[in-house]
Structures are given as C-alpha cells and as structure tokens.
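Chemist: Numbering (the working numbering), first residue to last: 18 to 234. Each residue gets a CB set at the ideal place from its N, CA and C atoms; glycine is no exception. Keep in mind the model is a prediction, meaning the values are calculated, not measured.
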Amino acid sequence: MSPEEPQFEFIDQSQPPREIPIFPLPNVTLFPNMALPLHIFEERYKRMVHDCLQVDRYLGIFLLRQGWEHAPEPIPYDVGGFGQIARAVKLPTGNFEIVVRGLGRVRVTSYIQEIPYRRALVELLEDEGDDSAELRNQAASMVERLKKILALRPGLGAELQTHLKLLASPRDLAYAVAAHYPDLTIYERQSILEVRTVEMQLARITRLLNRDLARLN
Numbered sequence: 018m019s020p021e022e023p024q025f026e027f028i029d030q031s032q033p034p035r036e037i038p039i040f041p042l043p044n045v046t047l048f049p050n051m052a053l054p055l056h057i058f059e060e061r062y063k064r065m066v067h068d069c070l071q072v073d074r075y076l077g078i079f080l081l082r083q084g085w086e087h088a089p090e091p092i093p094y095d096v097g098g099f100g101q102i103a104r105a106v107k108l109p110t111g112n113f114e115i116v117v118r119g120l121g122r123v124r125v126t127s128y129i130q131e132i133p134y135r136r137a138l139v140e141l142l143e144d145e146g147d148d149s150a151e152l153r154n155q156a157a158s159m160v161e162r163l164k165k166i167l168a169l170r171p172g173l174g175a176e177l178q179t180h181l182k183l184l185a186s187p188r189d190l191a192y193a194v195a196a197h198y199p200d201l202t203i204y205e206r207q208s209i210l211e212v213r214t215v216e217m218q219l220a221r222i223t224r225l226l227n228r229d230l231a232r233l234n
C-alpha cells in the first residue's frame, strides 16, 4: 500500500455493536491489539468490506473448525476476535487490501444472516482478572520461558522481542505471545482466545512454552 492510495482513518472504540458481520477463515485468529492484514478477493467478502466501510467498520474474524476442508458447509468456532478496519485500499481489480485492528473477543449467540455473507448477534467476552502482583509474577514467568526459547533459537521472533520490550500488563503480554509466537498451531491460538481469565491464558501459554523448551533441551 503506497501513501498515495486512499485510506480510512482508524477510530478506536471499546464496545462492538450487538450485531456484526462474520468473516470465517481457515488459518487466522484475531487477538486484541493485533494488526491483521488481509487481501479480500471473494465477491461476498468484497461486499462485506464495502458494507463495513459505509458504517462503523466493525467485523468479526472467526477461525473455521477443524475438518472444514471436508465439510459441505464449513462451520466457524463460536468465539472469535472482533475489530475495526483500520485501513482499506480498493484495488483496480475490485479487490481490497485491508488491515483489521483487533479490539476484543466476542461469542456468537445466533446467526441472523447467511447470504451474501454471515452476520451474527454477539456478546463481548470481558478479560477476567486484574493487574495484580500475582498476575504480574505469572506473566514474568511466562516471559522468562519465552526468552529461554528465543535464546536457543536466534531469529525466531524479532517481532515478538519488540512486543516484550514495549508491553507491561499481563493481559497484553498474553495476547502478544498468543498472536506472535510462531510455534503455536492455529488451534492452540484459538484455545487461548477462548479462555475467559488472564490467569488461565497465561497458564495455558506457559504450558505450551514448557513443551517447546523441553524439546529444545
């Protein structure tokens, strides 16, 4: 995307509307604070992006359930990330290049539209747990394990190293590692996205890091 191309200003809002369009994808999860670039080429999703840009630019990014390749109608998980289109460029082909900024997590309560694209009623999933000393210690333990892995595998996570330097809260650290640690499978990322409390998110990530650290030692 060049500076001369048309852009859409990003407006950060904390609450999603009750109803949002759903973009189901086979290999993508959207975490809070994450910037997700996407190329939109399928006609129904070009329509979805066009419609989003006319209103509040909210949408949900939902991972398709395992086995979607063999399902006549692939089904997404009930929990996904919601965000806003922070930047969009319409190409001469009619395709879109967009960047979605992750704002939070939502659960689908019911689908109200299937054609030309899905729309659903959703509920916001709050992150349970405050920034306590116990959580900060738990986050520090997670980061310590991650640093050991990165020391054994130089160059593995340059972007992740940057996040570790800039972020302080346990919640933000958990989401940064879940989004950017490259050895997590997409379904491991999904399992972290679904966890309700920051404490459990940190515990799950730490278990996965311990697994990888054991393989390296």
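#1: Whole-angstrom Cβ separation of residue 113 and residue 63, contact assumed at under 8 Å?
#2: Quick test of the definition: if touching needs 3 or more C-beta pairs under 8 Å, does the region 141–149 touch the region 69–88?
#3: Within 10 angstroms of the Cβ of residue 155, are there 16 or more other Cβ atoms? Answer buried if so, exposed if not.
#4: Let me check understanding here. Comparing Cα to Cα, which of 129, 172 and 188 lies closest to residue 152?
#5: Run through the DSSP bridge pairs and tell me what residue 56 is partnered with.
#6: If I follow the unbroken beta strand (DSSP E) through residue 39, where does it start and stop?
#7: What do you reckon, are the CB atoms on residue 209 and residue 222 nearer than 8 Å?
#8: Is residue 145 helix, strand or coil by DSSP?
#9: Classify residue 215 as buried or exposed, calling it buried when 16 or more other Cβ atoms lie within 10 Å of its own Cβ.
#10: Where does the unbroken beta strand (DSSP E) through residue 101 begin, and where does it stop?
#11: Reducing DSSP to helix, strand and coil, say where residue 158 ends up.
#12: Under three-state DSSP, which class holds residue 222?
#13: Excluding sequence positions up to five away, which residues of its chain have a Cβ less than 8 Å from the Cβ of residue 184?
#14: Is the beta carbon of residue 37 within less than 7 Å of some heavy atom of the ligand GDP?
#15: Measure from the alpha carbon of residue 225 to the alpha carbon of each residue in 195, 48 and 132, then state which is nearest.
#16: Per DSSP, what are the beta-bridge partners of residue 214 in this structure?
#17: Measuring only the C-alpha atoms, how far is residue 41 from residue 96?
#18: Excluding the five sequence neighbours on either side, which residues of its own chain have a C-beta within less than 8 Å of the C-beta of residue 140, listed in chain order?
#19: Residues in its own chain within less than 8 Å of residue 83 by CB, not counting five upstream and five downstream?
#20: Please classify residue 140: does DSSP put it in a helix, a strand, or coil?
Modeler: With the structure as the only source:
#1: On the sequence shown, residue 113 is found 96 positions in, with the first residue counted as 1. On the sequence shown, residue 63 is found 46 positions in, with the first residue counted as 1. Correct: roughly 6 Å between the Cβ atoms.
#2: no
#3: Walking along the sequence shown from the start, residue 155 turns up at place 138. It is buried - the Cβ of residue 155 has at least 16 other Cβ atoms within 10 Å.
#4: The sequence position of residue 152 within the sequence shown is 135, counting from 1. Ranking 129, 172 and 188 by Cα distance to residue 152 puts 188 first.
#5: Reading the sequence shown from its first residue, position 39 is the one you call residue 56. Looking at the DSSP assignment, residue 56 forms a beta bridge with 114.
#6: Here residue 39 corresponds to residue number 22 of the sequence shown, with the count starting at 1. That run of the beta strand (DSSP E) goes 36–42.
#7: The count along the sequence shown starts at 1 and reaches residue 209 at position 192. The count along the sequence shown starts at 1 and reaches residue 222 at position 205. For residue 209 and residue 222, yes; Cβs fall inside 8 Å.
#8: For this step, residue 145 is matched to residue 128 along the sequence shown. If DSSP states are grouped into helix, strand and coil, residue 145 belongs with the strands.
#9: Stepping through the sequence shown from its first residue, residue 215 is reached at position 198. Classification of residue 215: buried, given that the 10 Å Cβ count is 16 or more.
#10: On the sequence shown, residue 101 is found 84 positions in, with the first residue counted as 1. Looking at the DSSP string, the run of the beta strand (DSSP E) that includes residue 101 is 96–107.
#11: Within the sequence shown, numbered from 1, the residue matching residue 158 stands at position 141. If DSSP states are grouped into helix, strand and coil, residue 158 belongs with the helices.
#12: Taking the sequence shown and counting its residues from 1, the one referred to as residue 222 is at position 205. Correct three-state label for residue 222: helix.
#13: The count along the sequence shown starts at 1 and reaches residue 184 at position 167. Taken in chain order, the residues that qualify are 190 and 193.
#14: Summarising the ligand content, the structure contains no ligands, and the ligand GDP is consequently not present.
#15: Translated into the one-based positions of the sequence shown, residue 225 becomes position 208. Cα-wise, what sits closest to residue 225 is 195.
#16: Within the sequence shown, numbered from 1, the residue matching residue 214 stands at position 197. Paired residues: 145.
#17: Walking along the sequence shown from the start, residue 41 turns up at place 24. Walking along the sequence shown from the start, residue 96 turns up at place 79. Cα to Cα, residue 41 sits roughly 11 Å from residue 96.
#18: Residue mapping note: residue 140 aligns to position 123 of the sequence shown, counting from 1. 123, 124 and 126, listed in sequence order.
#19: Counted from its first residue, the sequence shown places residue 83 at position 66. Excluding sequence neighbours, residue 83 sits near 204.
#20: Along the sequence shown, one-based indexing puts residue 140 at 123. Residue state, collapsed to three classes: strand.
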